[in-house]
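Number 281 in our numbering belongs to position 175 of the sequence shown; there are no gaps in the numbering.
From the three backbone atoms N, C-alpha and C, an ideal C-beta is built for every residue, glycine too.
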Amino acid sequence: MNYPFEPFRIKVVEPIKRTSREERDRLLREAGYNLFHVPAESVSIDLLTDSGTSAMSDSQWAGMMLGDESYAGSKNFYHFETVVRSLFGYRYVIPTHQGRAAEHLLFSTVVKPGMCVPNNIHFDTTRANVEYQGAEAKDLVISEAYDPHCELPFKGNMDVARLEESIEQVGPSRIPFAMITVTNNSAGGQPVSMANIRATRQVLNRYGIPLLFDACRFAENCFFIREREPGYADIPVRDIARELFSLGDGCLMSAKKDGLVNIGGFLSLNHERWTQAITNMLILVEGFPTYGGLAGRDLEAMARGLEEVLDEEYLRYRIGQVRFLGGLLEEGGVPIVKPIGGHAVYVNAKEFLPHLHQSQFPAQALAVALYREYGIRTVEIGTVMFGKRDPVTDEPIYPELELVRLAIPRRVYTNQHLASVAEAIIDLHHRRDSIGGLVMTYEAPRLRHFTAKFEAEVSAGILGPGARLAAAPLS
Ligand code: PLI
């Protein structure tokens with residue numbers, strides 16, 4: 107397997123604590139089988155998220171020491187503003203402490219009850235923030251995105267025909283803006299093509315609807331455009347990004363992904379009236395407009411991270427590392443979503459555990475078994491995260507995809523770490539029949555995956571799901 111050279115040397119290391127299977131079994135029971143409640147210290151390899159988990163560069167750490175912590179007019183804000191304007195091209199720049207704060211500010215000022223916000227697929231916090239305003243969050247990704255086997259270069263694309271149909275149905279006056287999420291996190295980290303964004307823009311133009319990007323993983327998306335879209339092979343990723351954002355009216359971004367920082371986000375818009383309303387709300391809930399809930403040093407690290415992420419050698423390594431893990435799993439016969447995405451490999455839990463029905467939370471059961479057996483933490487993207495109940499009949503509604511996401515933090519793990527992860531998952535796949543289901547015993551009204559609690563199904567045996575598996579150390 108060809109593995110790209112890491113374009114950095116490691117200067118600071120953090121020891122990994124090893125735990126026993128018995129300890130992990132106890133921690134799982136204490137956590138109600140919810141991996142968000144397992145202490146990070148007791149995780150060997152943490153693939154829960156690529157968000158806020160990046161290793162910063164020496165330049166970013168040096169920038170942290172240059173933090174200007176003035177309440178108003180910090181020099182780091184002006185640097186940050188210049189970088190964001192030059193990369194994204196929009197007039198106004200509003201810092202926030204993370205992505206969902208930007209979502210809340212935008213939706214609470216612009217979206218009203220009864221409105222509808224289309225997107226290729228809304229991320230969970232985006233959907234929750236739209237719904238919190240009494241509006242509908244509509245997912246309009248192409249249907250192939252729901253087929254884990256379908257290999258398309260741009261499987262995150264918007265279904266432009268369905269978008270137009272939806273606008274006709276809902277009425278343009280009830281759509282304050284449409285969104286495109288790059289890359290499309292919820293269905294496999296799949297990219298969106300420039301041609302699709304242009305086509306989306308054309309439809310929206312006909313109805314006078316603005317287009318905003320969820321730009322969390324914009325650099326990874328632009329790298330895929332360079333690799334896969336005809337006509338872009340010789341265009342620098344930075345220029346591809348400029349072209350992409352020129353097709354929109356603004357963006358919001360959790361910089362905890364492609365900003366290469368541990369905290370931070372922003373909104374950048376052309377719309378003056380929206381910016382005024384958002385700024386007023388920002389002062390109420392986040393802070394003064396030149397820091398937006400962050401320290402000056404955080405703004406500096408973010409400004410530097412946004413520049414670094416466009417380094418093409420870094421992006422080749424980044425996408426290549428994710429592909430390396432996906433390739434090993436595929437060779438080992440583990441069912442994964444194809445093609446392999448930008449920031450994560452997604453294991454298809456429906457095929458990994460065909461003996462479990464979605465009502466038994468197969469992806470959660472698989473994530474639990476992976477932690478119990480090997481200390482690897484992953485995240486469920488399936489019935490726990492996206493399942494709901496019919497408001498009339500109270501019957502459960504299951505999502506089409508039942509996935510376990512192995513999200514790779516940026517610049518954190520080596521290929522040997524990932525080879526060990528692959529070995530563990532392949533081993534678990536050989537013993538998959540012994541993994542039992544789960545019963546949900548507590549759920550919050552929104553974003554239930556963060557706080558849900560589970561018990562092992564009685565049929566899974568008194569020791570819980572996966573309990574019949576023999577302990578196998580992570581090599
Ligand atoms: O975690 P935040 O609040 O900084 O960002 C929210 C957010 C918005 N959009 C998208 C596409 C995301 O992926 C996202 C956060 N993602 C997380 C936490 C993840 O684990 O994927």
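1) Do three or more CB pairs link the segment 181-189 to the segment 397-406 at distances below 8 Å?
2) Given a cut-off of 9 Å on the beta-carbon distance, is the pair GLY448 and PRO468 in contact?
3) If you drop the 5 nearest sequence neighbours on each side, which residues of the same chain put their C-beta closer than 7 Å to that of ILE446?
4) Measuring alpha carbon to alpha carbon, tell me which residue in ASN386, GLU250 and GLY371 is nearest ILE227.
5) If you run the structure through DSSP and keep just helix, strand and coil, what is LEU154?
6) Buried or exposed: GLN166, going by 16 or more other Cβ atoms within 10 Å of its Cβ?
7) So, for CYS153: in the same chain, excluding its five sequence neighbours on each side, which residues have a beta-carbon less than 6 Å away from its beta-carbon?
8) What whole-angstrom Cβ distance do VAL288 and ARG323 have, given they're in contact under 8 Å?
9) Looking only at C-alpha atoms, which of LEU258, ILE425, LEU462 and HIS535 sits nearest to GLU112?
10) Does DSSP put MET221 in a helix, a strand or coil?
11) As a quick exercise: from GLY371, LEU172, GLY354 and PRO497, pick the residue whose alpha carbon is nearest that of LYS362.
12) Over the uninterrupted beta strand (DSSP E) stretch that includes ASN454, give me the two end residues.
13) I need the DSSP call for GLY495, collapsed to helix, strand or coil.
14) Where PRO497 and ARG191 are concerned, what is the direct C-alpha to C-alpha distance, given to the nearest angstrom?
15) Within the continuous alpha helix (DSSP H) that includes ILE389, where are the two ends?
16) Could you check which residue in ALA241, SER163 and SER148 has the C-alpha nearest to that of ASN368?
17) Could you check whether THR202 and GLY402 sit closer than 9 Å to each other, using their CB atoms as the reference points?
18) Assuming LEU212 and ILE384 make a contact with CB atoms under 8 Å, what is their CB distance in whole Å?
19) Looking at ARG554 and the ligand PLI, is the gap between the Cβ and the nearest heavy atom below 8 Å?
20) Per DSSP, what are the beta-bridge partners of GLY438 in this structure?
21) Decide if MET491 is buried, meaning its Cβ has at least 16 other Cβ atoms within 10 Å, or exposed.
22) Helix, strand or coil: which one does DSSP assign to ASN368?
23) Is it right to say ARG135 is buried, meaning 16 or more other beta carbons lie within 10 angstroms of its own, or is it exposed?
24) Sorted by chain position, which residues of the same chain lie with C-beta nearer than 6 Å to GLN470's C-beta, five sequence neighbours on each side aside?
25) Residues bridged to PRO502 by DSSP?
26) Tell me which same chain residues have a C-beta within less than 7 Å of the C-beta of PHE114, skipping the five on either side of it?
27) Specify whether the segment 115-127 and the segment 449-459 touch according to this definition: at least 3 beta carbon pairs, one from each stretch, less than 8 Å apart.
28) State the DSSP-derived secondary structure class of ILE122, mapped to helix, strand or coil.
29) Is PRO515 near SER160, with beta carbons less than 9 Å apart?
30) Around the C-beta of MET221, are 16 or more other C-beta atoms found within 10 angstroms, so that it is buried, or is it exposed?
31) With H, G and I counted as helix, E and B as strand and the rest as coil, what does DSSP make of GLY262?
32) Is it a yes or a no for the segment 257-267 touching the segment 349-356, going by three-plus beta-carbon pairs under 8 Å?
33) For the beta strand (DSSP E) holding MET546, just list the boundary residues, first then last.
Answer, in terms of the structure:
1) Yes, they touch.
2) In the sequence shown, residue 448 corresponds to position 342, counting from 1. In the sequence shown, residue 468 corresponds to position 362, counting from 1. No, the Cβ-Cβ distance between GLY448 and PRO468 is not below 9 Å.
3) Reading the sequence shown from its first residue, position 340 is the one you call residue 446. The answer, listed in chain order, is VAL428, ARG429 and GLY432.
4) Within the sequence shown, the letter at position 121 stands for residue 227. When each option's Cα is compared against that of ILE227, the closest is GLU250.
5) Walking along the sequence shown from the start, residue 154 turns up at place 48. Annotated three-state conformation of LEU154 is coil, per DSSP.
6) Walking along the sequence shown from the start, residue 166 turns up at place 60. Answer is buried; the Cβ neighbour count reaches 16.
7) Position 47 of the sequence shown, counted from the first residue, corresponds to residue 153. Note that residue 153 corresponds to Leu in the displayed sequence, not to Cys. Counting only Cβ-Cβ distances below 6 Å, and skipping sequence neighbours, we find THR484, LEU512 and ALA513.
8) Taking the first residue of the sequence shown as position 1, residue 288 is located at position 182. Taking the first residue of the sequence shown as position 1, residue 323 is located at position 217. Taking the Cβ atoms as the reference, VAL288 lies roughly 6 Å from ARG323, within the contact range of under 8 Å.
9) By 1-based counting over the sequence shown, the position of residue 112 is 6. Comparing Cα-Cα distances from GLU112 to each of LEU258, ILE425, LEU462 and HIS535, the minimum goes to ILE425.
10) Taking the first residue of the sequence shown as 1, we reach residue 221 at position 115. Coil, per DSSP.
11) For the purposes of this step, residue 362 is taken as the residue at position 256 of the sequence shown. Out of GLY371, LEU172, GLY354 and PRO497, GLY371 has the C-alpha closest to the C-alpha of LYS362.
12) By one-based count along the sequence shown, residue 454 stands at place 348. Its beta strand (DSSP E) spans residues 450-454.
13) Locating residue 495 in the sequence shown gives position 389, counting from the first residue. Residue identity check: residue 495 is Arg in the sequence provided, not Gly. Strand, per DSSP.
14) Taking the sequence shown and counting its residues from 1, the one referred to as residue 497 is at position 391. Taking the sequence shown and counting its residues from 1, the one referred to as residue 191 is at position 85. Going by the C-alpha atoms only, they are around 44 Å apart.
15) The residue given as residue 389 occupies position 283 in the sequence shown. First-last of the alpha helix (DSSP H) with ILE389: 378-391.
16) Working through the sequence shown from its first residue, we reach residue 368 at position 262. Among ALA241, SER163 and SER148, the Cα nearest to that of ASN368 belongs to SER163.
17) Against the sequence shown, residue 402 aligns to sequence position 296. Against the sequence shown, residue 202 aligns to sequence position 96. It is not a contact, given that the beta carbons lie outside the stated cut-off.
18) Residue mapping note: residue 212 aligns to position 106 of the sequence shown, counting from 1. Residue mapping note: residue 384 aligns to position 278 of the sequence shown, counting from 1. Rounded, the Cβ-Cβ distance is 6 Å, consistent with contact.
19) Along the sequence shown, one-based indexing puts residue 554 at 448. No, since every heavy atom of the ligand PLI falls outside the 8 Å radius drawn around the Cβ of ARG554.
20) Residue mapping note: residue 438 aligns to position 332 of the sequence shown, counting from 1. DSSP, once it has assigned bridges, lists no residue as partnering GLY438.
21) Indexing the sequence shown from 1 puts residue 491 at position 385. The residue is buried, with at least 16 neighbouring Cβ atoms inside 10 Å.
22) If you number the sequence shown from 1, residue 368 lands on position 262. It is coil, neither helix nor strand.
23) The residue labelled residue 135 in the question sits at position 29 within the sequence shown. Exposed, since its Cβ has fewer than 16 Cβ neighbours within 10 Å.
24) The residue labelled residue 470 in the question sits at position 364 within the sequence shown. So the qualifying residues of the chain are GLU486, VAL490 and LEU544.
25) Walking along the sequence shown from the start, residue 502 turns up at place 396. DSSP output for PRO502 lists ARG495 as bridge partner(s).
26) Translated into positions along the sequence shown, residue 114 becomes position 8. These residues qualify, in order along the chain: ARG517.
27) Flag = no, the segment 115-127 and the segment 449-459 do not touch.
28) For the purposes of this step, residue 122 is taken as residue 16 along the sequence shown, with counting starting at 1. Coil.
29) Position 409 of the sequence shown holds residue 515. Position 54 of the sequence shown holds residue 160. Yes.
30) The residue given as residue 221 occupies position 115 in the sequence shown. Answer is buried; the Cβ neighbour count reaches 16.
31) Along the sequence shown, read from residue 1 onward, the residue named residue 262 stands at position 156. Looking at GLY262 - three-state DSSP - the assignment turns out to be coil, as it is neither helix nor strand.
32) no
33) Taking the first residue of the sequence shown as 1, we reach residue 546 at position 440. 544-548 is the extent of the beta strand (DSSP E) around MET546.
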